[in-house]
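Peer 1: First residue of the sequence shown? That's 0 in the numbering used here, and the numbers climb one at a time after it. A virtual CB, placed ideally from N, CA and C, is assigned to each residue, including glycine. None of the values given here were measured: they were computed from a predicted structure.
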Amino acid sequence: SHFTIKAIRDSTSTVTLASLVRLDAGNNYITSMVEGNQGQVLMPKLIELSLMTNKLDDSGLEGLKDTPYLQTLDISSNQLKNIPLLLTDLEQLERLDIRGNQLHTLPYELGKLTRLKAIQCEGNPMRSFTSMSQTQLIESLLEELSRQLTQKVNLSERLDLSHKELTNIPSEYLEFKQEVPGTLLLNHNQFITFPIIPLTKISDFIVTLVLDHNRLTSFNLSLEGVVFAHLKTLKLNNNRIKSLECNPNTASFPRLEELSLNYNALTTLSDDLPKVLPSLKILLASSNKLDNLTDACFGQGLEILDISNNDIGYLPPGLSRIQSLKELVVFGNRFRVPRPAVVEQGTKTILEFLKRRYQASNE
Numbered sequence: 000s001h002f003t004i005k006a007i008r009d010s011t012s013t014v015t016l017a018s019l020v021r022l023d024a025g026n027n028y029i030t031s032m033v034e035g036n037q038g039q040v041l042m043p044k045l046i047e048l049s050l051m052t053n054k055l056d057d058s059g060l061e062g063l064k065d066t067p068y069l070q071t072l073d074i075s076s077n078q079l080k081n082i083p084l085l086l087t088d089l090e091q092l093e094r095l096d097i098r099g100n101q102l103h104t105l106p107y108e109l110g111k112l113t114r115l116k117a118i119q120c121e122g123n124p125m126r127s128f129t130s131m132s133q134t135q136l137i138e139s140l141l142e143e144l145s146r147q148l149t150q151k152v153n154l155s156e157r158l159d160l161s162h163k164e165l166t167n168i169p170s171e172y173l174e175f176k177q178e179v180p181g182t183l184l185l186n187h188n189q190f191i192t193f194p195i196i197p198l199t200k201i202s203d204f205i206v207t208l209v210l211d212h213n214r215l216t217s218f219n220l221s222l223e224g225v226v227f228a229h230l231k232t233l234k235l236n237n238n239r240i241k242s243l244e245c246n247p248n249t250a251s252f253p254r255l256e257e258l259s260l261n262y263n264a265l266t267t268l269s270d271d272l273p274k275v276l277p278s279l280k281i282l283l284a285s286s287n288k289l290d291n292l293t294d295a296c297f298g299q300g301l302e303i304l305d306i307s308n309n310d311i312g313y314l315p316p317g318l319s320r321i322q323s324l325k326e327l328v329v330f331g332n333r334f335r336v337p338r339p340a341v342v343e344q345g346t347k348t349i350l351e352f353l354k355r356r357y358q359a360s361n362e
């Protein structure tokens, strides 16, 4: 410790530290266990690891998957906003020190760690947990784990809270004795902000969320400490959304396949969108104010893209590189290339045109 190391391993190769039992790499400038999260450092006998007082964020702990017998882990005084779920695979873990980070909550999956005896979590912006004893904290995680595993979702059932003038969701609406409905309708209400706190109760269950016709002015796709683990469809049509907030290190909607943003006030889309929505297949953003797009805004799994009726002055030729793209709707914009006659012929013709332009620009 007390050096200026930035990674435990700075190579793309695999290294095995076969006999290492204890490693103290605290008080350095480590941002990732392996630089760029490439390569591997196999530590098959490591039982104690200290990475305290470094610069680690949520993505910097990938190397933990190569420490199967770890018993004590100190990652205090870093820059963690979420506990990586791979940490819950450390079956031998007994002591965990996460003090002095930026954690808002603890994942209930920590309850899987049957050997865990102590979690130190002071110095984090948590509303709960910090006032509990070690015994209470671990019991609380076990109870939440049990509840999450026993409660099931009913994909065919809908909870309709539309047309109720809601500005927030009363907690009693989200108490379910049996199955949680897979679809939640919150359209035609008065929401100014996304009601994240009440929705955390069912964030592991809902598959479809409809927030059309509200008064949202922005939407955060990278919510700290919250993951909508199974949400596949999110509808935000007819709001007043001017921006989508994206932190490339935080994906709160990892399985989202359809995002609908028609009739809003978006002027641009973030280049980080594919990182925070890695499963996105359908993106509908018709009738906004989009005027500047790059092909980096769109992931390689995209199948349907509707950016019609915007103010786009340039259509990125790189769109032709998205092999999965089946439907591209771009009419009603101000670009002159491709010409309207090409646009009118539909997706295949547009993509062929863009492909020729892309190839010409890269010769």
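Is the number of C-beta pairs between the region 59-68 and the region 79-89 that are closer than 8 Å three or more?
Peer 2: Yes, since at least three Cβ pairs between the region 59-68 and the region 79-89 fall closer than 8 Å, the two stretches touch.
Peer 1: What residue does the alpha helix (DSSP H) around residue 218 start on, and which one ends it?
Peer 2: As a position in the sequence shown, residue 218 is number 219, starting the count at 1. That residue, residue 218, is in no alpha helix (DSSP H); its beta strand (DSSP E) goes 217-219.
Peer 1: Using the three-state DSSP reduction, which class does residue 329 fall into: helix, strand or coil?
Peer 2: For the purposes of this step, residue 329 is identified with residue 330 of the sequence shown, where counting begins at 1. In this structure, residue 329 counts as coil in the three-state DSSP scheme.
Peer 1: Nearest to residue 286 by alpha carbon, out of 260, 213, 280?
Peer 2: For this step, residue 286 is matched to residue 287 along the sequence shown. Among 260, 213, 280, the Cα nearest to that of residue 286 is on 260.
Peer 1: Considering just the uninterrupted stretch of the beta strand (DSSP E) at residue 33, what are its terminal residues?
Peer 2: What you label residue 33 is simply residue 34 of the sequence shown in a count that begins at 1. Its beta strand (DSSP E) spans residues 31-33.
Peer 1: Would you check if the distance between the CB atom of residue 278 and the CB atom of residue 304 is smaller than 8 Å?
Peer 2: Residue mapping note: residue 278 aligns to position 279 of the sequence shown, counting from 1. Residue mapping note: residue 304 aligns to position 305 of the sequence shown, counting from 1. Taking 8 Å as the Cβ cut-off, residue 278 and residue 304 do not qualify as a contacting pair.
Peer 1: Beta-carbon within less than 7 Å of residue 190's beta-carbon, same chain only, minus the 5 sequence neighbours each way: which residues are those?
Peer 2: Position 191 of the sequence shown holds residue 190. The answer, listed in chain order, is 165, 166, 210, 213, 214, 215.
Peer 1: Which same chain residues, not among the five before or five after residue 56, have their C-beta less than 8 Å away from its C-beta?
Peer 2: What you label residue 56 is simply residue 57 of the sequence shown in a count that begins at 1. Within the same chain, residue 56 has close Cβ partners 30, 77, 78, 79, 80, 248.
Peer 1: Could you check if residue 20 is buried or exposed, using at least 16 other CB atoms within 10 Å of its CB as the buried criterion?
Peer 2: Counting from 1 along the sequence shown, the entry for residue 20 is found at position 21. Answer is exposed; the Cβ neighbour count stays below 16.
Peer 1: For a quick check, are the C-beta atoms of residue 313 and residue 334 less than 8 Å apart?
Peer 2: Here residue 313 refers to the residue found at position 314 of the sequence shown. Here residue 334 refers to the residue found at position 335 of the sequence shown. Yes, Cβ-Cβ distance for residue 313 and residue 334 is below 8 Å.
Peer 1: With the cut-off set at 8 Å, would you say residue 352 and residue 339 are in Cβ contact?
Peer 2: By 1-based counting over the sequence shown, the position of residue 352 is 353. By 1-based counting over the sequence shown, the position of residue 339 is 340. No, the pair does not count as a contact, with Cβ atoms beyond the cut-off.
Peer 1: Please list the segments of the alpha helix (DSSP H) lying wholly inside the region 271-336, counting only runs of 4 or more residues, in order along the chain.
Peer 2: As far as the region 271-336 is concerned, its whole alpha helix (DSSP H) runs of at least 4 residues are 272-275.
Peer 1: Going by C-alpha distance, which of 32, 109, 151 is nearest residue 142?
Peer 2: As a working mapping, residue 142 is identified with position 143 in the sequence shown. Per the Cα distances, 109.
Peer 1: Is residue 367 buried or exposed, if buried means 16 or more other CB atoms sit within 10 Å of its CB?
Peer 2: Lying before the first or after the last residue shown, residue 367 is absent from the chain, which here runs from 0 to 362.
Peer 1: With a threshold of 8 Å between beta-carbons, can residue 327 be considered close to chain C, or not?
Peer 2: In the structure shown, chain C does not exist; there is a single protein chain.
Peer 1: Hey, residue 289 and residue 318 are a contact pair by Cβ (cut 8 Å); roughly how many whole angstroms apart?
Peer 2: Here residue 289 corresponds to residue number 290 of the sequence shown, with the count starting at 1. Here residue 318 corresponds to residue number 319 of the sequence shown, with the count starting at 1. At roughly 14 Å, the Cβ-Cβ gap does not stay under 8 Å, so residue 289 and residue 318 are not in contact.
Peer 1: Taking DSSP as the reference, what is the three-state secondary structure of residue 359?
Peer 2: Numbered from 1 along the sequence shown, position 360 holds the residue referred to as residue 359. Reduced to three states, the DSSP call for residue 359 is helix.
Peer 1: Do you know how far the Cα of residue 350 is from the Cα of residue 181?
Peer 2: Residue 181 sits at position 182 when you count from the first residue of the sequence shown. Residue 350 sits at position 351 when you count from the first residue of the sequence shown. If you take the alpha carbons of residue 181 and residue 350, they lie about 36 Å apart.
Peer 1: Is the Cβ-Cβ distance between residue 263 and residue 240 less than 8 Å?
Peer 2: Numbered from its first residue, the sequence shown carries residue 263 at position 264. Numbered from its first residue, the sequence shown carries residue 240 at position 241. Result yes, Cβ atoms of residue 263 and residue 240 sit closer than 8 Å.
Peer 1: I'd like to check one pair, residue 25 with residue 45: are the Cβ atoms closer than 8 Å?
Peer 2: Indexing the sequence shown from 1 puts residue 45 at position 46. Indexing the sequence shown from 1 puts residue 25 at position 26. For residue 45 and residue 25, no; Cβs fall outside 8 Å.
Peer 1: Can you say whether residue 124 is buried or exposed, counting buried as having 16 or more other CB atoms within 10 angstroms of its CB?
Peer 2: Here residue 124 refers to the residue found at position 125 of the sequence shown. Residue 124 is exposed by the Cβ-count criterion.
Peer 1: Check for me: the alpha helix (DSSP H) holding residue 341 runs from which residue to which?
Peer 2: Looking up residue 341 in the sequence shown gives position 342. Taken as a continuous stretch (DSSP letters only), the alpha helix (DSSP H) holding residue 341 covers 339-342.
Peer 1: Using the C-alpha atoms, what's the distance from residue 70 back to residue 135?
Peer 2: Taking the sequence shown and counting its residues from 1, the one referred to as residue 135 is at position 136. Taking the sequence shown and counting its residues from 1, the one referred to as residue 70 is at position 71. So the two alpha carbons sit approximately 21 Å from each other.
Peer 1: DSSP three-state call for residue 181: helix, strand or coil?
Peer 2: Residue 181 sits at position 182 when you count from the first residue of the sequence shown. It is a strand residue.
Peer 1: On the DSSP bridge assignment, give the partners of residue 73 in chain order.
Peer 2: On the sequence shown, position 74 is the one that residue 73 refers to. Answer is 49, 96, bridged to residue 73.
Peer 1: Indicate whether residue 220 and residue 235 have their beta-carbon atoms separated by less than 8 Å.
Peer 2: Here residue 220 refers to the residue found at position 221 when the sequence shown is read from its first residue. Here residue 235 refers to the residue found at position 236 when the sequence shown is read from its first residue. No, Cβ-Cβ distance for residue 220 and residue 235 is not below 8 Å.
Peer 1: According to DSSP, simplified to helix, strand and coil, what is residue 223?
Peer 2: Residue numbering aside, residue 223 sits at position 224 when the sequence shown is read from its first letter. Here residue 223 sits in coil by DSSP.
Peer 1: Out of 348, 47, 15, 128, state which residue places its alpha-carbon closest to the alpha-carbon of residue 40.
Peer 2: In the sequence shown, counting from the first residue as 1, residue 40 sits at position 41. The option with the nearest alpha carbon to residue 40 is 15.
Peer 1: Would you mind working out which of 173, 251, 203 sits nearest residue 107, comparing C-alpha positions?
Peer 2: On the sequence shown, residue 107 is found 108 positions in, with the first residue counted as 1. With distances taken between Cα atoms, residue 107 lies closest to 203.
Peer 1: So residue 118 is in the beta strand (DSSP E); what residue range does that whole segment cover?
Peer 2: In the sequence shown, residue 118 corresponds to position 119, counting from 1. From DSSP, the beta strand (DSSP E) with residue 118 extends over 117-119.
Peer 1: Opposite residue 244 in the DSSP bridges: which residues?
Peer 2: In the sequence shown, the residue the question calls residue 244 occupies position 245. According to DSSP, residue 244 bridges with 219.
Peer 1: For residue 223 and residue 358, what's the separation of their Cα atoms in angstroms?
Peer 2: Residue mapping note: residue 223 aligns to position 224 of the sequence shown, counting from 1. Residue mapping note: residue 358 aligns to position 359 of the sequence shown, counting from 1. Roughly 41 Å separates the two Cα atoms.
Peer 1: Of all the options 200, 245, 225, which has the alpha carbon lying nearest to the alpha carbon of residue 218?
Peer 2: Along the sequence shown, one-based indexing puts residue 218 at 219. With distances taken between Cα atoms, residue 218 lies closest to 245.
Peer 1: Quick one: what does DSSP say residue 373 is sitting in, helix, strand or coil?
Peer 2: Residue 373 lies beyond the range of the chain shown here (0 to 362); nothing can be said about it.
Peer 1: From this set, 276, 229, 269, 230, which residue's C-alpha is nearest residue 372's C-alpha?
Peer 2: Because residue 372 is not part of the residues shown, which for the chain are 0 to 362, the question remains open.
Peer 1: Can you name, in chain order, every residue of its own chain whose Cβ lies under 7 Å from the Cβ of residue 122, other than the five neighbours on each side?
Peer 2: Counting from 1 along the sequence shown, the entry for residue 122 is found at position 123. Closer than 7 Å at Cβ, skipping near neighbours: 98, 99.
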